[in-house]
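Heads up: the sequence lines are chains A and B, in that order.
Numbered per my numbering, the first sequence spans residues 893 to 1525.
Numbered per my numbering, the second sequence spans residues 751 to 850.
A short worksheet on the structure shown next.
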Amino acid sequence: MTEIFWLIPFIPALSTLILAVFGQKLPKKYVSFQACFAVFASFVISVISLIGLLQAGHEHSTIVKNLFSWIHAGSFKADLSLQLDPLSAVMALVVTGVGFLIHVYSVGYMAEDKGYTRYFTYMNLFTFAMLVLVMASNIVLMFVGWEGVGLCSYLLIGFWFEKHSAANAGKKAFIVNRIGDAAFLLGIFFIFIHIGSGEFRAINEAIGGGEITQSLATLIAILLFVGAVGKSAQIPLYVWLPDAMEGPTPVSALIHAATMVTAGVYMVSRMNILFTFSISAGHIVAVVGAVTAVFAATMALTQNDIKRVLAYSTISQIGYMFIGCGVGAYAAGMFHLYTHAFFKSLLFLAAGSVMHALSGELNMQKMGGLRKYLPLTYPTFLIGAIAIAGIPFLSGFFSKDAILTSAFASGQYFVWGLGIFGAVLTAFYMFRLIFLTFYGKERLEPEAKKHLHESPPVMTIPLVLLAFFSVIAGYVGLPVVFGKKLDFFGRFLEPVIEHAHEVHLTLGTEWMLILISVAVAVTGIYIAWVFYIKNPQTPHNLVARFPGLYKLLYNKYYVDEIYNTLFVNSTIKGSEVVYDHFDLKVIDGAVNGSASATNFFGKVLSYIQTGLIKDYALIFLLGAILLLGYLLF
Amino acid sequence: MIPLSYFLILSIILFVLGAIGFFIKRDLITQFMTVEIMLNAANLAFITFAKSAGSLDGQVIVFFIITVAAAEAAVGLAIILLVYRQKKTIKSEDIKLMKG
């Protein structure tokens, strides 16, 4: 049954095509049914493929299906071929599974929107592109999917394009991503020049066979990683993700939390042999991840926009995934990607449900006490928050712990320390969000209060399902302390992911690390409780005490402003200079000059057009005589 | 036997007469006739060479030229007639709509 795995990306593609061509004429009910069904069908095939892989065992863990030869020019060869192995199976499962629930949720969330069909067309197109990205068997096809999800991200961030801020946010996301993609493309070129093939298996064999030098591997790895930094919103290219929250909330959940932004982590894991081979590239990945994890978490502390807090949280959590990849624990990074997809999309969808209830209110300072009005949203939101904070026995705990343990085991204590510090901040800002939204005094606008209602079942059922998975998803990868054989997730990925330099810690150290991460999570929650429930005056006092720090955080370190001055404005100024001096003078001069030259010669030549037959005949005769003279002499 | 050059000289005289007539006459019909004279001068040259070379090619071309000249006369005279209806003149100096 696993042979049909190549259908996984093409069912959403077919659905996109139908919706794009006939969508405007189809009834709304059918549109949403088809869009959801296409993703569900892909999900079913993904599950079948996963079961097939589990039965096949380690030896037959990679199936490649070559659909047709796409580019074949000289020694350059790129096929449209898909690959099913544990890594792509996990990703396909996350994309289609979480994607399906978010599609269903969208049916309720977008019900009143006039761009309903357009929305579902884009969502299906996104699913297709993302599946191509994760299932491609060569890096060129992967790049196609990579750009495809970037395009869908642009289209969906700017979905309400009549809103100026949304259109600008889409543009920003697209342009910032271009920087990363340019580096990614350069990396692909280097691979083709020095390895001669874009197939992942060939690349891995070439690196394993020592065909490229350490420094070349580092160069390629860093170029690819810059691509990942752009797509996965890490320092310094993270600025687009918070603005991307202008899009509809389910889009934020699917694209900007669960799937697309984690593509960078997937790509690094896919190229794990390269990143393991190049030691310094691995270090860079880990440090960038760790710094981003803390940096983004500090920015989440002071935001009042519920979705922006979650956006910074996403940046921070992807930082954790990169820590995992950077220290060589790719399985742990992928594990966090997988659990994060559940709880972060849950948080976004729950936040969407809160917004829906409050007629679009995003500011947490205008919420409070919502617990009793939203009997389903509240507990699911709480489960998501607990999961991300890293409280034991929920999914986030297992994956974050796996990453931090690996970081500690690899001896990069600086990275580990940042990770622990980030964990405190994570627990704090998530519970700040919970307390401000659901507890305390009601600070609602009277207008919003009138329409206050829990969301319809089509929205709450996906929430409940995601909450369920947020609780149980972690149990496929238990830490070593519970028994060596229980890390199913890691063992499943083993054929794809090399265990390069695993350092075994003693059981005592493992327990200590687990206790530390539990302790920091609880500390974070406790501080949030003190700040926002016990003494609600504390934050104000702190702001009064450290106004400079607060302003710095509240304004997100002024990074947007710095980028604007350094890059955006200088580009605009440079463009103006070029426009004035080159476009207007050189290019327009050339165009207008050729027009006036034609005009001039036309005027001169028109003098010989007398309109008199005899003149023409005379010229004709003279010509004939000249010709004759030439022929005779 | 009349020498070849006689025919050719006659042909040249006819051609030059036609050409001169074209430039000195003013009304279109006369100019048209001078063109016909030039065509026939060419015909004469063709036939002369055909005879001297003993080949039929030149004579065949003459038939073509006669056919074309007939067609040309039909079209040309029709045009001149229409020009006259429009302009009430067939003086070639008066017809210079195409002046640049």
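We put the beta carbon where it would ideally sit given N, CA and C, even for glycine.
Cα-Cα separation between residue i and residue j, rounded to whole angstroms
i	j	result
H1175 of chain A	G1382 of chain A	22 Å
F1451 of chain A	P1128 of chain A	Here residue 1451 of chain A is Val; the residue named in the question, Phe, does not match the sequence. If I take the Cα positions, the gap works out to 9 Å.
A1301 of chain A	K1341 of chain A	52 Å
V976 of chain A	S1144 of chain A	Here residue 976 of chain A is Leu; the residue named in the question, Val, does not match the sequence. For L976 of chain A and S1144 of chain A, the distance between alpha carbons rounds to 27 Å.
E1402 of chain A	S1409 of chain A	11 Å
G1000 of chain A	V1350 of chain A	6 Å
Y1321 of chain A	W1038 of chain A	31 Å
L1497 of chain A	T1490 of chain A	11 Å
A1392 of chain A	G1220 of chain A	Residue confidence for A1392 of chain A is low, a pLDDT of 49 falling below 50, so the modelled location carries little weight; the figure read from the coordinates is stated next. Looking at the two C-alpha atoms, the distance is approximately 7 Å.
G966 of chain A	G1101 of chain A	24 Å
Q1126 of chain A	V1183 of chain A	9 Å
S1287 of chain A	V1422 of chain A	26 Å
E1386 of chain A	P1371 of chain A	16 Å
F1167 of chain A	G1119 of chain A	14 Å
G1218 of chain A	I1112 of chain A	15 Å
A1277 of chain A	G1466 of chain A	46 Å
L754 of chain B	K1495 of chain A	50 Å
V812 of chain B	S761 of chain B	14 Å
L1116 of chain A	V1131 of chain A	19 Å
F1066 of chain A	K1264 of chain A	41 Å
F772 of chain B	D1507 of chain A	11 Å
H1248 of chain A	T1105 of chain A	55 Å
Y1222 of chain A	A981 of chain A	15 Å
F998 of chain A	Y1305 of chain A	According to the sequence shown, residue 998 of chain A is Ser rather than Phe. Cα to Cα, S998 of chain A sits roughly 43 Å from Y1305 of chain A.
L1078 of chain A	F1227 of chain A	29 Å
T1415 of chain A	A1319 of chain A	8 Å
F1374 of chain A	A1003 of chain A	46 Å
A1315 of chain A	K1063 of chain A	32 Å
L1202 of chain A	I1389 of chain A	30 Å
Where the beta strand (DSSP E) containing residue i begins and where it ends
i	result
L974 of chain A	968-976
Residue i - containing alpha helix (DSSP H), residue span
i	result
K957 of chain A	Here K957 of chain A belongs to no alpha helix (DSSP H); instead the beta strand (DSSP E) covers 955-965.
M1159 of chain A	1155-1162
K1063 of chain A	1056-1086
Y1008 of chain A	1008-1027
F1381 of chain A	1380-1385
N1030 of chain A	Counting along the chain, N1030 of chain A falls outside any alpha helix (DSSP H), and DSSP gives it neither H nor E.
I943 of chain A	920-948
D1135 of chain A	1132-1135
W1403 of chain A	1399-1421
I1147 of chain A	Counting along the chain, I1147 of chain A falls outside any alpha helix (DSSP H), and DSSP gives it neither H nor E.
Y1442 of chain A	1439-1446
D1293 of chain A	1287-1301
A1125 of chain A	A1125 of chain A -> no alpha helix (DSSP H), and no H or E assigned at all.
N1427 of chain A	No alpha helix (DSSP H) contains N1427 of chain A, which DSSP labels as neither H nor E.
A1192 of chain A	1171-1192
G1528 of chain A	Chain A is shown only over 893 to 1525; residue 1528 of chain A falls outside these bounds and no answer can be derived.
G1314 of chain A	1305-1330
Y1222 of chain A	1222-1249
F799 of chain B	778-803
Counted within 10 angstroms of its Cβ, other Cβ atoms place residue i as buried (16 or more) or exposed
i	result
V1121 of chain A	buried
L1023 of chain A	buried
I903 of chain A	buried
E1091 of chain A	buried
D777 of chain B	exposed
Q1195 of chain A	buried
Q1209 of chain A	buried
H1473 of chain A	exposed
H950 of chain A	exposed
T1329 of chain A	buried
V785 of chain B	buried
Residue i: CB within 6 Å of a non-hydrogen atom of the ligand HEM
i	result
I763 of chain B	Of ligands this structure carries none, so the ligand HEM is not represented either.
- Query: Touch check for the segment 982-997 of chain A and the segment 914-922 of chain A: three-plus C-beta pairs under 8 Å?
  - Reply: No contact exists between the segment 982-997 of chain A and the segment 914-922 of chain A.
- Message: Closer than 8 Å between beta carbons: that is the criterion. Which residues of the segment 1499-1518 of chain A meet it against chain B?
- Response: For chain B, the residues of the segment 1499-1518 of chain A that bring a beta carbon within less than 8 Å of one of its beta carbons are Y1499, I1500, Q1501, T1502, G1503, L1504, I1505, K1506, A1509, L1510, L1513, in chain order.
- Message: Does the structure place the segment 791-804 of chain B close enough to the segment 754-768 of chain B that three or more beta carbon pairs sit under 8 Å?
- Response: The segment 754-768 of chain B makes contact with the segment 791-804 of chain B; the number of CB pairs closer than 8 Å reaches 3 or more.
- Okay, do the segment 1356-1367 of chain A and the segment 1221-1235 of chain A touch, 3+ Cβ pairs below 8 Å being the bar? Yes, the segment 1356-1367 of chain A touches the segment 1221-1235 of chain A.
- Message: Three Cβ pairs or more, each shorter than 8 Å: is that satisfied between the segment 1252-1265 of chain A and the segment 1281-1298 of chain A?
- Response: Short answer: they don't touch.
- Three or more beta-carbon pairs under 8 Å between the segment 932-939 of chain A and the segment 1043-1054 of chain A, yes or no? No, the segment 932-939 of chain A is not in contact with the segment 1043-1054 of chain A.
- Message: For the segment 1440-1456 of chain A against the segment 1186-1196 of chain A, do three or more pairs of beta-carbon atoms, one drawn from each stretch, fall closer than 8 Å, so that the two count as touching?
- Response: These segments touch.
- Select from the segment 758-786 of chain B all residues with a C-beta closer than 7 Å to any C-beta belonging to chain A, and list them in chain order. Residues of the segment 758-786 of chain B whose Cβ lies closer than 7 Å to any Cβ of chain A, in chain order: A769, F772, F773.
- When Cβ atoms are compared, which residues of the segment 804-837 of chain B fall closer than 8 Å to chain A? Answer in chain order: no residues at all.
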